[in-house]
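Let me begin by presenting the structure, written as structure tokens, before commenting on it.
Residue numbers (the working numbering): 1 to 106.
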């Protein structure tokens, strides 16, 4: 996880919510200086991250989503690239494997 990307997501969400950095810092009970550092990629405790998410009215998952989506997008691209080289019969075989795997997971 990139702390810089997390800080960007916090800043973006704060600005979209029309909340000043000072106001968010006050809501989370930290200094404005520390809030600035967080938005610029400084590490914070999980407790502070949860407080920031609550103050912004979003989930922690949402704040972390950019990092997770990038990884997921890379995986999906790799899967698509590999599947594109298969014959239709091979694609059908792997589709059935996926369906069976999902049934086992339930």
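For every residue, glycine included, the Cβ atom is placed at its ideal position computed from N, Cα and C. Quantities reported herein were computed from a predicted structural model and do not represent experimental measurements.
query                                                                                                                      : result
Indicate the three-state DSSP secondary structure (helix, strand or coil) for residue 2 in the structure shown.            : coil
Which of the three DSSP states is assigned to residue 104 in this structure?                                               : helix
Between the Cα of residue 12 and those of 99, 65 and 81, spot the shortest distance and give me the residue it belongs to. : 65
Starting from residue 48 and walking both ways along the alpha helix (DSSP H), at which residues does that stretch end?    : 46-56
Per DSSP, what kind of secondary structure is residue 41 in: helix, strand or coil?                                        : coil
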